[in-house]
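A quick write-up on the structure given underneath.
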Amino acid sequence: MVDTSKCPCGNDKHYKECCEKFHQGEASPETAEILMRSRFSAYVKKNKNYLLETWHSSSRPKPEELEFEGPMGFRWTHLTVVKTEEGKESDDKGKVEFVAHYKVGPKAGQMQEDSNFVKENGKWYYC
Ligand SMILES: [Zn+2]
95 MVDTSKCPCG NDKHYKECCE KFHQGEASPE TAEILMRSRF SAYVKKNKNY LLETWHSSSR
155 PKPEELEFEG PMGFRWTHLT VVKTEEGKES DDKGKVEFVA HYKVGPKAGQ MQEDSNFVKE
215 NGKWYYC
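Structure representation (structure tokens):
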């Protein structure tokens, strides 16, 4: 059995102790990697507002452009962070390389991406 109360972001913590506080606007991620992880779990939780809020205005899609529906039977399973550059509390930009794993029915797949993040007014944004 999969423990569904574990946070989808792969931090091995319970959702309530992990990304929930970010998704509810009670805290902001301190590093680019934590933002990346919290955005992945927002995709899993289909939290559109959080994704839009943490998207930099220069590349943010319109709400109606943000789609969660993939092919039939599509679901995100977990996230692996491959490498991070900068993105620490003392930085104002950073890069996170990650692999997002998904399943379409019984078939597993993955998507690798290099994402850039910037910090503005003390908050990290995906750009
Ligand atoms: Zn989390």
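The numbering used here applies: residue 95 is where the sequence shown begins, and numbers increase by one.
Every residue, glycine too, gets a C-beta built ideally from N, C-alpha and C.
Measuring alpha carbon to alpha carbon, tell me which residue in the options is nearest residue i.
i	options	result
SER99	PHE116, GLY119, GLU120 and LYS139	LYS139
LEU173	GLU183, GLY164, GLU114 and GLY203	GLY203
SER135	ASP186, ARG154 and HIS117	HIS117
ASP185	TYR196, GLN206, GLU163 and LYS217	LYS217
ASN141	GLU114, LYS177, SER209 and VAL175	GLU114
PHE162	ASN105, TYR137, GLU179 and PRO123	TYR137
ARG169	CYS112, HIS195 and SER132	HIS195
ALA121	LYS107, THR148, PRO102 and VAL176	THR148
CYS101	TYR144, LYS156, THR171 and LEU146	THR171
Which class does residue i belong to by DSSP, given the choice of helix, strand or coil?
i	result
MET130	helix
LYS142	helix
When you compare the CB positions of residue i and residue j, do they come within less than 8 Å of one another, or not?
i	j	result
PHE211	LEU160	no
ALA198	PRO165	Contrary to the premise, residue 198 reads as Val rather than Ala in this sequence. Yes; because the gap between Cβ atoms is below 8 Å, this pair is in contact.
ARG87	GLY167	Given that the chain is displayed from residue 95 to residue 221, the structure contains no residue 87 and the question cannot be resolved.
THR125	LYS182	yes
GLU191	LYS177	yes
TYR220	ARG133	yes
Closer than 8 Å, CB to CB, is residue i near chain B or not?
i	result
TYR196	Chain labels in this structure do not include chain B; a single protein chain is all it has.
Let's see if you can read the secondary structure: which residues bound the alpha helix (DSSP H) around residue i?
i	result
HIS108	That residue, HIS108, is in no alpha helix (DSSP H); it is neither H nor E in DSSP.
LYS115	114-117
Please report the residue range of the beta strand (DSSP E) in which residue i lies.
i	result
GLU214	201-214
ALA194	187-198
LYS100	Neither: LYS100 is in no beta strand (DSSP E) and is coded neither H nor E.
Handout entry: 3-residue-minimum beta strand (DSSP E) runs that sit fully inside the segment 146-181, ordered along the chain
Key = Taken in chain order, the complete beta strand (DSSP E) segments of 3 or more residues contained in the segment 146-181 are 168-180.
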